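Residue 19 is where the sequence shown starts when you use the numbering used here, and the numbers rise one by one after that. The C-beta atom is built at its ideal place from N, Cα and C for all residues, glycine as well. These numbers come from a predicted model, not from an experiment.
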Amino acid sequence: MELGTFSITARCPRTGALGVAVTTKRPAVGLLCPYAQAQVGAISSQGRANLGFGPYGLRLLATGYNAEQTLGILLDTDPGRAKRQVAVVDAKGRAAAHTGSETMEWHGHHIGDGFVAAGNILAGPAVVEDMVKAFEASAKEPLPERLAQALEAGQAAGGDKRGKQSAALVVAGFHPLTPLSLRVDDHPDPVAELRRLWDLARAELIPFLDSLPGLHNPEDHWDPKPLIELLERKGERRP
């Protein structure tokens, strides 16, 4: 399956969080393309995606290979590399990318400071260019917000030239209890729906997680009152 896709893969220099935002005119892109692991790295595997690149790439990063070395190993082991598009960001923010010559036009990528914007089967280069501008302009925001804004900018610039269907936002290391994983598997406007889900998570899910006991909130010092207040709210959606 050809995943005409555009994505932003990045690390937050303040928190070390790592993540990917991605969208395509295919269903369930969140199942196929984005991978992130706290303190290890983030990878987006797209084009005629090699589904082994994400898990294998994270294992390589976890053993100490940097982004460029990891990408090199992935490509060296793949005879179909000309059909692949891959973005890799490691735990130190080093970034690497590959856009195969046989991925469908328009295709290309941009490697920035701690991030990669990439896409194929796009309306034109403005999709990647505008993602870069949006990501760099939002440096004060948390990583999920920066990724969402970049994806929105790419969509506004024309996005996947075939249309819209699915989107995903995956961020590891953003919250101490769990990775953030938001998916829109089939929707007429997936990037807008992903924005709605992220805004909802930011308003309700993150405060809910903050109120739970964990390493960030030890049981012997845990105050249940914030959690009780959240659960007793009336007239609002809540986790």
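* Do you know whose CA, among Thr95, Leu169 and Trp124, lies nearest Ile139's CA? -> The residue with the shortest Cα to Cα distance from Ile139 is Trp124.
inquiry  = Which of the three DSSP states is assigned to Ala70 in this structure?
reply    = Looking at the sequence shown, residue 70 is not Ala but Gly. It is coil, neither helix nor strand.
Give a yes or no on whether the C-beta atoms belonging to Thr27 and Phe133 are separated by under 8 Å. Result yes, Cβ atoms of Thr27 and Phe133 sit closer than 8 Å.
Are Ala155 and Ala113 close, meaning C-beta to C-beta below 8 Å? No, they are not a contact pair.
What residue range is occupied by the uninterrupted alpha helix (DSSP H) comprising Gly118?
From DSSP, Gly118 is part of no alpha helix (DSSP H); its letter is neither H nor E.
Contact the segment 60-76 vs the segment 192-207: 3+ CB pairs below 8 Å: As far as the Cβ criterion goes, the segment 60-76 does not touch the segment 192-207, which means the pair count is below three.
| field | Spatial neighbours of Leu215 in its chain, beta-carbon cut-off 6 Å, leaving aside the 5 residues before and after | value | Excluding sequence neighbours, Leu215 sits near Leu200.
Whose C-beta lies closer than 6 Å to the C-beta of Ala185 among residues of the same chain, with five residues either side of it excluded?
-> Answer for Ala185: Thr41, Val202, Pro208, Val209 and Leu212, listed in chain order.
Would you mind stating whether Ala115 and Ala136 have Cβ atoms separated by less than 8 Å? Cβ atoms of Ala115 and Ala136: closer than 8 Å.
As an exercise, report each continuous alpha helix (DSSP H) stretch of at least 4 residues that is fully enclosed by the segment 126-178, in chain order. Listed in chain order, the complete alpha helix (DSSP H) runs (minimum 4 residues) inside the segment 126-178 are 144-155 and 161-174.
Within 8 Å, do at least three Cβ pairs link the segment 35-50 to the segment 81-96? Short answer: they don't touch.
State the Cα-Cα distance for the pair Pro45 and Glu147, rounded to the nearest angstrom. Rounded to whole angstroms, the gap between the alpha carbons of Pro45 and Glu147 is 25 Å.
Using a Cβ-Cβ cutoff of less than 6 Å, which residues in the same chain neighbour Pro52 once the five nearest sequence positions on both sides are dropped?
Only Val38, Val40, Ser62, Ala186 and Val188 meet the Cβ criterion.
Report task. Give the range of the beta strand (DSSP E) segment to which Thr27 is assigned. Result -> In this chain, the beta strand (DSSP E) harbouring Thr27 covers Thr23 to Arg29.
Q) What span of residues does the alpha helix (DSSP H) with Asp108 cover, start to end? A) Note, Asp108: premise wrong, no alpha helix (DSSP H); beta strand (DSSP E) at Arg102 to Asp108.
Just verifying my parser: in three-state terms, what is the DSSP assignment at Arg32? Assignment of Arg32 by DSSP, reduced to helix, strand and coil, places it in the coil class.
> Is it true that the CB of Lys43 sits closer than 8 Å to the CB of Lys158?
Replying inline: Cβ atoms of Lys158 and Lys43: not closer than 8 Å.
- Item | CB-CB length for Ala190 against Ala105, believed under 8 Å | Actually they are not in contact, since the Cβ atoms of Ala190 and Ala105 sit about 15 Å apart, beyond 8 Å.
Outcome for Glu170 when other beta-carbon atoms lying within 10 angstroms are tallied against a minimum of 16
Counting every other CB atom within 10 Å of its CB across the protein chains shown gives Glu170 a total of 16 or more, marking it as buried.
- Message: Using DSSP's beta-bridge definition, name the partner residues of Ala39.
- Response: The partner list for Ala39 (beta bridge, DSSP) reads Ile26 and Leu187.
**Request:** Compare the C-beta of Gly118 against all C-beta atoms of chain C and say whether one is closer than 8 Å.
**Result:** Included in the structure is just one protein chain, with no chain C present.
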